[in-house]
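Data first, discussion second: the structure below is written as structure tokens.
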Amino acid sequence: MLAATDWRHLGAHLTNPVVVPAIRLSLITTIATVALCLALGTPLAWLLSRRDGRLWSWIRALVTVPVVLPPVVGGVALLLAYGRFGLVGQPLDAATGLRLPFTPYAVVLAQLFVSLPFFVLAVEGAFRALDPRLLSVAGTLGASPTRVFLRVALPMTLPGVMSGAALAWARALGEFGATITFAGNFSGRTQTAPLAVYVALQADPDAAIALSLVMLALSIAVLGLLRGRWLS
Amino acid sequence: MSLRARLGVQRGHFTVDVDLTVEPGHTLAILGPNGAGKTTILHALAGLAHLDGGHITVDETTWATPETDLPPEKRSVGLLAADHLLFPHLSALDNVAFGPRSRGTRADTAYDIARRELARLGLADTFHARRPHQLSHGQAQRVALARALATHPRVLLLDEPLSALDPESRPTVRQALAARLADFDGMTVLVTHDPLDALTLADELTFVRDGRVVQSGPPQQIVREPRDPYVAQVAGLNLYAAGPAREGTLHLASGAAIVTADPVISRENWVSFPPSAVVLGRHRPDGSARNTWRGRVARVELTGQIARVSLTGEVDLVADITLGSLAELHLAAGDEVWASVKATEVRAYPR
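So this is what it looks like as structure tokens:
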């Protein structure tokens, strides 16, 4: 890929009116996705790691489904659920007038759908690896379950949470199938970098390569950042 | 104002059922072999194990019954385990302040308490900022004790607190613990299998085996009159069950006779004598000792300057002899020897 790059016109390709919005959209949506993973996925992973029983194994199975589901099928499912006549979409529309499909919100939702399970499974593993006696001791010292989570479990598993977030971010950055199905492919609005690469490859292969190069650089940068600080 | 509990806990086929009472300012030591249910007892008191029967009452407040269960964070307990279990991401001072902070104490007050508790255990300011991995085992264990005490618990639970320490730091921590317990006004329950911990730290001993109390009482009484083979082993005495006495002679279950100078009035008795009271010889002794038995050496072990000889025969016993006697007798496993014990060394008490 590096060999095929048209280095002389790289600057021109990168400031292409399609490339810039696509990169910007990808950055904003993937960051939003990771933020939602952290906010929703961390407590969920904690609960999954602390609870056993039939109900929780069902919840875990449900959370895990998108790992094995083809992303396109996920996109169809999201479209059906959040569509104008969908199970969630219809009441949402009636209550707030908000229609999610084919909006940047749909991009985030699609990315969340495919990356949350990776995040939850990674972080649940980190929580399960904690010495349960430390959590018991925190309880005997008077810490409520919430405080045990926030002040003991979370700080101790920060590297695990961070690597889970990196995994989720990488998965969100590469998301294609669910996004194009649920959010469409509108340049500047829902066209993320992978979609732009796919489109550009047919019209302007050099621009596609340039865009791929940016994504590669971004991914390596994030990996390097995390490697230095959290991963070892 | 005390801890009163009857603990019934079911763990599969294993049942724990024990009664405990601890007065304020006192320490109860629970001793027993591995798997006796000692840790289960502590977990029930801490709220980490559910009661299937009985109750836990502290200062007239009910902590637990099979129907109601106060969660650990609502009980006034401090727990210290064999491993210090300090939070690795917090400094020593933050670890100690964690408890008071969790119980809603203001930050500055909580840190004052933490500093005071660390100072009482002989940990200077230089240790405050250290993370657990920067402390020695002994220091970490003292920080953990300070943390357990910083919430001013009514009940302090010590689970083998010295067993994971190396031989060099154990006496230091034992001394710090003894000094701190001396001015602790709550109730302390100490679980240990080390008789030295129990004898130096506790006011009362309770021996458990298979989830049941086999003997309890003040240390000096237990050491003098064990009533269970395990207790006798810990107290370092030879112990036998015996029937009624006739003119100072009792018969053991094995049929062997043993003579005591103690007055005996009961029909069922325990008979005990210390290993140091046994004199061994190659030939039948003709001295004043009233008890002489023939036996075979099963094992010879050295503990310091004393040789411990286990005999099997008419009466199974252990004898402590000096290295000099050992060299003179030239004993090895399988040898036939005579053991003699003076009647005045044999104690008898009702079973």
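Those protein sequence lines, which keep their order, are chains H and X. Just so you know, the first sequence maps onto residues 30 to 261 in the numbering used here. Just so you know, the second sequence maps onto residues 36 to 386 in the numbering used here. We put the beta carbon where it would ideally sit given N, CA and C, even for glycine. Being a predicted model, the structure only gives us computed values, none of them experimental.
Give a yes or no on whether the C-beta atoms belonging to residue i and residue j are separated by under 7 Å.
i: L120 of chain X; j: V101 of chain H; result: no
i: E303 of chain X; j: R386 of chain X; result: yes
i: T235 of chain X; j: A213 of chain X; result: yes
i: E153 of chain H; j: S78 of chain H; result: yes
i: T71 of chain H; j: A201 of chain H; result: no
i: D297 of chain X; j: R382 of chain X; result: yes
i: V190 of chain H; j: P146 of chain H; result: no
i: L38 of chain X; j: V57 of chain X; result: yes
i: R343 of chain X; j: A378 of chain X; result: no
i: F156 of chain H; j: T132 of chain H; result: no
i: L216 of chain X; j: T62 of chain X; result: yes
i: R331 of chain X; j: T347 of chain X; result: yes
i: A172 of chain H; j: S137 of chain X; result: yes
i: P106 of chain X; j: G82 of chain X; result: yes
i: A262 of chain H; j: F142 of chain H; result: Outside the shown range of chain H, which is 30 to 261, sits residue 262 of chain H, and nothing can be said about it.
i: G252 of chain X; j: T207 of chain X; result: no
i: D118 of chain X; j: A211 of chain X; result: no
i: A135 of chain H; j: L129 of chain H; result: yes
i: V93 of chain X; j: R189 of chain X; result: yes
i: P174 of chain H; j: H124 of chain X; result: no
i: L170 of chain H; j: G60 of chain X; result: no
i: T284 of chain X; j: V299 of chain X; result: no
Using a Cβ-Cβ cutoff of less than 6 Å, which residues in the same chain neighbour residue i once the five nearest sequence positions on both sides are dropped?
i: D35 of chain H; result: D235
i: L31 of chain H; result: none
i: P254 of chain X; result: L234, L240
i: L43 of chain H; result: A239
Looking at C-alpha atoms only, which residue of the options is the closest neighbour of residue i?
i: V372 of chain X; options: X:V313, X:V131, X:L337; result: X:V313
i: V209 of chain X; options: X:L337, X:D220, X:D201, X:L197; result: Looking at the sequence shown, residue 209 of chain X is not Val but Arg. Among X:L337, X:D220, X:D201, X:L197, the Cα nearest to that of R209 of chain X belongs to X:L197.
i: G168 of chain H; options: X:A71, X:K109, X:L231; result: X:K109
i: A354 of chain X; options: X:A362, X:F49, X:I341; result: X:I341
i: E195 of chain X; options: X:R205, X:V178, X:D54; result: X:R205
i: V165 of chain X; options: X:T347, X:V243, X:N130, X:R334; result: The amino acid at residue 165 of chain X is misidentified as Val; the sequence shows Arg. If we check each option's Cα against that of R165 of chain X, X:N130 comes out closest.
i: V71 of chain X; options: X:R319, X:V266, X:E203, X:R247; result: First, the amino acid is wrong: residue 71 of chain X is Ala here, not Val. Answer by Cα proximity: X:R247.
i: S248 of chain H; options: H:V143, H:T59, H:P130, H:R89; result: H:T59
i: Y146 of chain X; options: X:H163, X:S345, X:L158; result: X:H163
i: W98 of chain X; options: X:A367, X:R41, X:Y384, X:G290; result: X:R41
i: F178 of chain H; options: H:L159, H:A195, H:S192; result: H:L159
i: V137 of chain H; options: H:W198, H:L164, H:V96, H:A182; result: H:W198
i: A368 of chain X; options: X:S375, X:Y384, X:A333, X:G359; result: X:A333
Got a sec? Which residues, its chain only, sit under 7 Å from residue i by beta carbon, not counting five neighbours each side?
i: A288 of chain X; result: A276
i: H286 of chain X; result: A277, G278, A292
i: I52 of chain H; result: A222, V243
i: K73 of chain X; result: I65, G67, V226, V243
i: T210 of chain H; result: V101, G104, V105, L108
i: R155 of chain X; result: R215
i: S126 of chain X; result: H163, A164, R165, R166
i: A237 of chain X; result: T62, L63, A64, L225, P254
i: D220 of chain X; result: P59, G60
Please tell me whether residue i has its Cβ less than 7 Å away from any Cβ of chain H.
i: H124 of chain X; result: yes
i: F133 of chain X; result: yes
i: L55 of chain X; result: no
i: P108 of chain X; result: Note that residue 108 of chain X is Glu in the sequence shown, not Pro. Closer than 7 Å: yes.
i: V112 of chain X; result: yes
i: A81 of chain X; result: yes
i: R138 of chain X; result: yes
i: T186 of chain X; result: yes
i: L120 of chain X; result: yes
Could you check whether the Cβ of residue i sits closer than 7 Å to any Cβ belonging to chain X?
i: P161 of chain H; result: no
i: S165 of chain H; result: yes
i: T210 of chain H; result: no
i: P184 of chain H; result: yes
i: V26 of chain H; result: For chain H, the structure presents residues 30 to 261; residue 26 of chain H sits outside this window and is missing.
i: A155 of chain H; result: no
i: T175 of chain H; result: no
i: L170 of chain H; result: yes
i: L39 of chain H; result: no
Shorter than 7 Å from the beta carbon of residue i to some beta carbon of chain C?
i: G213 of chain H; result: Within the model displayed, chain C is absent; protein chains H and X are what it includes.
Return the chain-ordered list of same chain residues with a C-beta closer than 8 Å to the C-beta of residue i, the five sequence neighbours on each side being excluded.
i: A110 of chain H; result: L116, V117, G118
i: V47 of chain H; result: S216, Q220, A225, V228, A229, A236
i: P310 of chain X; result: G271, L272, N273, R343, L352, V353, A354, D355
Under 6 Å from any heavy atom of the ligand FMN, does the C-beta of residue i make it?
i: L192 of chain X; result: Only the bare structure without any ligand can be found here, which leaves the ligand FMN out of the picture.
Cβ contact (3+ pairs, closer than 8 Å) linking the region 223-240 of chain X and the region 63-79 of chain X: A contact between stretches requires three or more CB pairs, one per stretch, nearer than 8 Å, and the region 223-240 of chain X meets this requirement with the region 63-79 of chain X.
Sufficient close CB pairs (3 or more, under 8 Å) joining the region 113-129 of chain X to the region 176-183 of chain X: In short, these stretches touch, since the Cβ pair count reaches three.
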